[in-house]
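Chemist:
There are 2 protein chains.
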Amino acid sequence: MGWTQPAVSQHLRHLERQAGLPLVLRRPRGVRLTEAGRALLVHADALATRLRAAADEMNALARLEGGTVRLAAFPSAGATVVPAAMSLLATRHPALDVRLLQAEPPEALELVTAGEADLAVTFAHDGQPFTVPSGLVGVPVGQDPVRLVLPNGHARAGAATVDLRDLASDRWIAGCERCTAHLERLCLAAGFTPDIRHGSDDYVVAQSLIARGLGIGMLPRLALEAFHNPGVTVREVPGLRPRTLHLVHHREAGRIPAVRAAVRAVRDAIAP
Amino acid sequence: MGWTQPAVSQHLRHLERQAGLPLVLRRPRGVRLTEAGRALLVHADALATRLRAAADEMNALARLEGGTVRLAAFPSAGATVVPAAMSLLATRHPALDVRLLQAEPPEALELVTAGEADLAVTFAHDGQPFTVPSGLVGVPVGQDPVRLVLPNGHARAGAATVDLRDLASDRWIAGCERCTAHLERLCLAAGFTPDIRHGSDDYVVAQSLIARGLGIGMLPRLALEAFHNPGVTVREVPGLRPRTLHLVHHREAGRIPAVRAAVRAVRDAIAP
DNA sequence: GCACCAACCCAAGAAATACTTATGCCGTGG
DNA sequence: CCACGGCATAAGTATTTCTTGGGTTGGTGC
């Protein structure tokens with residue numbers, strides 16, 4: 292073990308003092324274990340084995356040959372970039388256990404705060420302040436353009452691009468709470484108050500309503516990548532700023548290999 | 292645990308450096324274990340449990356609430372004082388496991404030397420040098436008077452005591468090797484060479500031979516306590532020195548509680 | 001909004017522990 | 001008889017570990 296002989300002697304003496312028993316008998320050619328010594332050796336071997344097991348497990352976690360990372364993502368990400376990222380992770384670190392929890396950004400942040408998720412995939416619309424609960428940090432990982440979604444055959448569906456002001460008299464289908472707020476702000480800037488008739492944060496539901504001509508709406512590209520109802524037409528609105536995607540985790544969690552790997556994978560899935 | 296807070300912090304930092312992973316995440320109201328931290332905690336708990344088990348076992352051995360002591364004893368002791376001692380030990384330390392190995396003194400010493408017995412019960416006749424193998428120590432624990440054994444009806448059986456010189460023309464039954472040597476030395480001192488016809492270190496055999504009138508012999512009191520053939524008469528020989536009983540163990544074994552207890556018990560069994 | 005408090009970190013020094021070097025003893029074997 | 005293997009002891013040094021006395025941060029109560 293790279294120790295000198297007196298070091299061993301002193302350890303032994305110390306052990307014997309503590310045990311209150313002789314552990315070895317000194318004999319002509321070396322020492323011989325006493326009954327107590329043999330008993331202690333069994334325990335010592337077990338302890339050494341356990342220590343090694345602990346070190347092995349720490350190594351495995353550090354080298355991503357094990358461990359778990361829990362992702363909280365909003366639906367349209369959970370249907371697009373997150374599966375892509377999970378696929379990347381599966382090839383890079385086959386033993387890493389990745390778990391997905393579906394949650395809209397506010398709840399996703401709560402999950403991370405509560406320690407029930409390691410990483411949240413969130414978004415913020417342009418103009419919305421991107422704030423995270425204290426103790427968490429967020430890193431932007433990409434942008435997601437917002438598109439206008441019209442029923443096929445809508446008056447403006449023929450043009451390549453559409454100006455918001457041309458839609459002042461349309462009926463609207465809104466999305467989640469924050470998306471609705473964003474929509475209202477945009478329309479206000481364009482000089483009108485949108486006539487919101489329905490609301491659903493489910494992009495399949497929203498597209499069904501739109502396809503039936505019950506209104507028009509705005510959906511991010513990710514949602515349209517996840518699902519595109521053939522009854523709707525997608526158009527760009529010049530000047531419409533994309534929403535920003537973020538990854539949020541505990542301030543210190545960036546040092547956890549599993550979290551780092553997940554962050555990298557999501558980033559790579561968004562911008563290959 | 293009686294530690295100040297920085298001490299804990301430093302230990303934690305050290306552990307994290309060694310593991311290469313964060314073990315806790317610092318949060319508003321205290322820390323929270325990471326996955327690695329939880330994994331390590333499981334190992335730590337197991338280690339602590341094992342350590343306690345080891346300490347408990349050492350304590351049990353030190354307090355004689357367990358453990359084994361192996362006695363090597365010659366037959367006449369094994370039939371008398373050793374069972375008495377074992378009985379004492381059983382009441383004093385019910386959990387102590389006492390094991391008896393039968394062996395004449397020379398082999399008994401070998402057993403102790405070889406580590407196959409912890410304690411040897413031996414004897415030495417007066418005048419015989421009491422030497423133990425180096426590394427072992429012997430403590431005298433009592434004396435065992437040697438008696439003359441005659442067939443009932445022997446010419447000298449009528450007297451209360453008998454002088455050796457009156458037995459110069461008798462036929463003799465000898466015992467073990469060392470007893471035979473002792474007998475020859477005694478007779479030589481009395482002025483004759485004994486006519487040894489038979490030899491047996493088994494005191495039952497020897498008494499059977501004597502009872503049949505095939506010779507006379509000398510037996511220690513312990514042997515006669517163990518067994519007394521009604522066909523023989525026991526007489527004292529004035530001036531005949533007793534043999535000395537010894538306990539022999541490894542030089543350092545005196546510090547082993549089980550051995551100490553056994554020594555005490557044998558001594559108490561001999562001289563209550 | 002401010003002060004306060006809890007919980008943690010950091011740096012430096014003090015205390016305790018662990019290890020090494022140097023030496024000695026004992027028993028064995030050539 | 002001497003040399004050597006194997007261990008013990010003593011003293012000095014190195015290292016580790018703990019405490020003391022500072023901060024910082026973020027939540028909480030007035």
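From first to last, the protein sequence lines stand for chains A and B.
According to our numbering, the first sequence holds residues 292 to 563 in order.
According to our numbering, the second sequence holds residues 292 to 563 in order.
Just so you know, even glycine gets a beta-carbon here, dropped at the ideal spot from N, CA and C.
Quick caveat, the model's predicted, so the values are computed rather than measured.
Which same chain residues, not among the five before or five after Arg526/A, have their C-beta less than 6 Å away from its C-beta?
Modeler: Counting from one through the first sequence, the residue named residue 526/A turns up at place 235. The answer, listed in chain order, is Leu439, Val453.
Chemist: How would you call His305/A, buried or exposed, if buried means at least 16 neighbouring beta carbons within 10 angstroms?
Modeler: The count along the first sequence starts at 1 and reaches residue 305/A at position 14. Looking at its Cβ environment, which holds fewer than 16 other Cβ atoms inside 10 Å, His305/A is exposed.
Chemist: Would the segment 356 to 364 of chain A count as touching the segment 323 to 338 of chain A if we require 3 or more Cβ pairs under 8 Å?
Modeler: no
Chemist: On a Cα-Cα basis, can you pick out the residue from Gln419/A, Ala337/A, Val430/A, Arg542/A that is closest to Arg532/A?
Modeler: For the purposes of this step, residue 532/A is taken as the residue at position 241 of the first sequence. It is Gln419/A.
Chemist: In whole angstroms, what is the alpha-carbon distance linking Ala560/A and Thr371/A?
Modeler: Numbered from its first residue, the first sequence carries residue 560/A at position 269. Numbered from its first residue, the first sequence carries residue 371/A at position 80. Each residue's alpha carbon lies about 9 Å from the other.
Chemist: Give, in chain order, every unbroken run of the alpha helix (DSSP H) that is at least 4 residues long and sits entirely within the segment 295 to 372 of chain A.
Modeler: 296 to 310, 326 to 353, 366 to 369
Chemist: Determine the contact status of Ala399/A and Ala408/A, defining contact as a CB-CB distance below 8 Å.
Modeler: The residue given as residue 399/A occupies position 108 in the first sequence. The residue given as residue 408/A occupies position 117 in the first sequence. Taking 8 Å as the Cβ cut-off, Ala399/A and Ala408/A qualify as a contacting pair.
Chemist: Any C-beta of chain A sitting closer than 8 Å to the C-beta of Arg341/B?
Modeler: Start at 1 with the first residue of the second sequence, and residue 341/B comes out as number 50. At least one chain A Cβ lies under 8 Å of Arg341/B.
Chemist: Identify which residue in Leu362/B, Thr340/B, Asn350/B, Ala327/B has its Cα closest to the Cα of Ala346/A.
Modeler: Looking up residue 346/A in the first sequence gives position 55. Ranking the options by Cα distance to Ala346/A, first place goes to Ala327/B.
Chemist: In or out: His302/B buried (at least 16 other Cβ within 10 Å) or exposed?
Modeler: In the second sequence, counting from the first residue as 1, residue 302/B sits at position 11. With fewer than 16 other Cβ atoms within 10 Å, it is exposed.
Chemist: In chain order, what residues of the same chain have a beta carbon less than 8 Å from the beta carbon of Ile507/A, not counting five sequence neighbours either side?
Modeler: For the purposes of this step, residue 507/A is taken as the residue at position 216 of the first sequence. So the list reads Leu439, Val440, Leu441, Pro442, His445, Leu458, Asp461, Arg462, Trp463, Ile464, Ile501, once near-sequence residues are dropped.
Chemist: Going along the chain, which residues of its own chain have a beta-carbon closer than 7 Å to the beta-carbon of Arg512/B, five neighbours each way excluded?
Modeler: Reading the second sequence from its first residue, position 221 is the one you call residue 512/B. So the list reads Asp435, Pro436, Arg438, once near-sequence residues are dropped.
Chemist: Could you check how far apart the C-beta atoms of Met349/B and Gly406/A are, in whole angstroms? I think they sit under 8 Å.
Modeler: Numbered from its first residue, the second sequence carries residue 349/B at position 58. Numbered from its first residue, the first sequence carries residue 406/A at position 115. With a Cβ gap of about 41 Å, Met349/B and Gly406/A do not count as contacting.
Chemist: Between His537/A and Val389/A, how many whole angstroms is the CB-CB distance? I'm expecting something under 8 Å.
Modeler: Counting from one through the first sequence, the residue named residue 537/A turns up at place 246. Counting from one through the first sequence, the residue named residue 389/A turns up at place 98. Their Cβ separation, rounded to whole angstroms, is 19 Å, which puts His537/A and Val389/A out of contact at 8 Å.
Chemist: How big is the Cα-Cα spacing for Ala451/A and His489/A?
Modeler: By one-based count along the first sequence, residue 451/A stands at place 160. By one-based count along the first sequence, residue 489/A stands at place 198. Approximately 26 Å between the Cα atoms of the pair.
Chemist: Any idea if Leu362/A is buried or exposed, counting beta-carbon neighbours within 10 angstroms, 16 or more meaning buried?
Modeler: Start at 1 with the first residue of the first sequence, and residue 362/A comes out as number 71. When all chains shown are included, Leu362/A counts as buried.
Chemist: Taking Tyr494/B and Ser378/B to be in contact with their CB atoms under 8 Å, please state how far apart those CB atoms are, rounded to whole angstroms.
Modeler: Along the second sequence, one-based indexing puts residue 494/B at 203. Along the second sequence, one-based indexing puts residue 378/B at 87. Not quite, the Cβ-Cβ distance comes to about 22 Å (not below 8 Å), so this is no contact.
Chemist: Please identify, using Cβ separations under 8 Å, the residues of the segment 349 to 382 of chain A that lie next to chain B, in order along the chain.
Modeler: Met349, Asn350, Leu352, Ala353, Gly358, Thr359
Chemist: So, is Val299/A buried or exposed, given that buried needs 16 or more other C-beta atoms within 10 angstroms?
Modeler: Within the first sequence, the letter at position 8 stands for residue 299/A. Val299/A comes out exposed.
Chemist: Between which two residues does the alpha helix (DSSP H) holding Pro533/A run?
Modeler: The count along the first sequence starts at 1 and reaches residue 533/A at position 242. Run containing Pro533/A: none; DSSP gives neither H nor E here.
Chemist: What do you reckon, are the CB atoms on Ala562/B and Leu380/B nearer than 8 Å?
Modeler: Numbered from 1 along the second sequence, position 271 holds the residue referred to as residue 562/B. Numbered from 1 along the second sequence, position 89 holds the residue referred to as residue 380/B. No, the pair does not count as a contact, with Cβ atoms beyond the cut-off.
Chemist: Give every residue of the same chain whose Cβ lies closer than 8 Å to the Cβ of Pro396/B, excluding the five residues on either side of it in the sequence, and list them in chain order.
Modeler: The sequence position of residue 396/B within the second sequence is 105, counting from 1. For Pro396/B, where only same-chain residues beyond five positions count, the Cβ hits under 8 Å are Phe365, Ala411, Thr413, Phe414, Ala415, Arg469.
Chemist: Using a beta-carbon distance cut-off of less than 7 Å, what residues from the segment 401 to 414 of chain B approach chain A?
Modeler: Gly406
Chemist: From the DSSP output, read off the bridge partner residues of Gln434/A.
Modeler: Mapped onto the first sequence, residue 434/A falls at position 143. DSSP output for Gln434/A lists Thr535/A as bridge partner(s).
Chemist: Just by C-beta distance, which residues in the segment 314 to 340 of chain B are closer than 8 Å to chain A?
Modeler: Within the segment 314 to 340 of chain B, the residues whose Cβ lies closer than 8 Å to some Cβ of chain A are Leu316, Arg317, Arg318, Pro319, Arg323, Thr325, Glu326, Ala327, Ala330, Leu331, His334, Ala335, Ala337, Leu338, listed in chain order.
Chemist: Could you tell me whether the Cβ atoms of Ser491/A and Gly466/A are closer together than 8 Å?
Modeler: If you number the first sequence from 1, residue 491/A lands on position 200. If you number the first sequence from 1, residue 466/A lands on position 175. Yes; because the gap between Cβ atoms is below 8 Å, this pair is in contact.
Chemist: Check Val423/A in the structure and name its three-state DSSP category.
Modeler: By one-based count along the first sequence, residue 423/A stands at place 132. Residue state, collapsed to three classes: coil.
Chemist: Along the chain, where does the beta strand (DSSP E) containing Ala465/B start, and where does it finish?
Modeler: What you label residue 465/B is simply residue 174 of the second sequence in a count that begins at 1. Note, Ala465/B: beta strand (DSSP E), 462 to 465.
Chemist: For Leu479/A, is the classification buried or exposed, using 16 other Cβ atoms within 10 angstroms of its Cβ as the cut-off for buried?
Modeler: For the purposes of this step, residue 479/A is identified with residue 188 of the first sequence, where counting begins at 1. Exposed, since its Cβ has fewer than 16 Cβ neighbours within 10 Å.
Chemist: To which residues of the same chain is Arg558/A closer than 6 Å at the C-beta, ignoring the five residues directly before and after it?
Modeler: As a working mapping, residue 558/A is identified with position 267 in the first sequence. Excluding sequence neighbours, Arg558/A sits near Val432.
Chemist: How is the beta strand (DSSP E) around Thr392/B delimited, first residue to last?
Modeler: What you label residue 392/B is simply residue 101 of the second sequence in a count that begins at 1. The sequence shown places Leu at residue 392/B, rather than the Thr named in the question. From DSSP, the beta strand (DSSP E) with Leu392/B extends over 388 to 393.
Chemist: On the DSSP bridge assignment, give the partners of Met509/A in chain order.
Modeler: Here residue 509/A corresponds to residue number 218 of the first sequence, with the count starting at 1. In the DSSP output, where bridge partners are listed per residue, Met509/A has Leu439/A.
Chemist: Check the DSSP bridge columns for Ala411/B and list the partner residues they point to.
Modeler: By one-based count along the second sequence, residue 411/B stands at place 120. Per DSSP, Ala363/B, Val539/B.
Chemist: Counting only Cβ-Cβ distances shorter than 8 Å, please list the residues of the segment 426 to 455 of chain A near chain B, keeping chain order.
Modeler: Residues Gly426.
Chemist: Indicate whether Ala497/B and Leu477/B have their beta-carbon atoms separated by less than 8 Å.
Modeler: Here residue 497/B is taken as the residue at index 206 of the second sequence, counted from 1. Here residue 477/B is taken as the residue at index 186 of the second sequence, counted from 1. With respect to Leu477/B, Ala497/B sits apart: the two C-beta atoms are not nearer than 8 Å.
Chemist: Just grab the DSSP bridge partners of Ile487/B for me.
Modeler: Stepping through the second sequence from its first residue, residue 487/B is reached at position 196. In DSSP, Ile487/B forms a bridge with Trp463/B.
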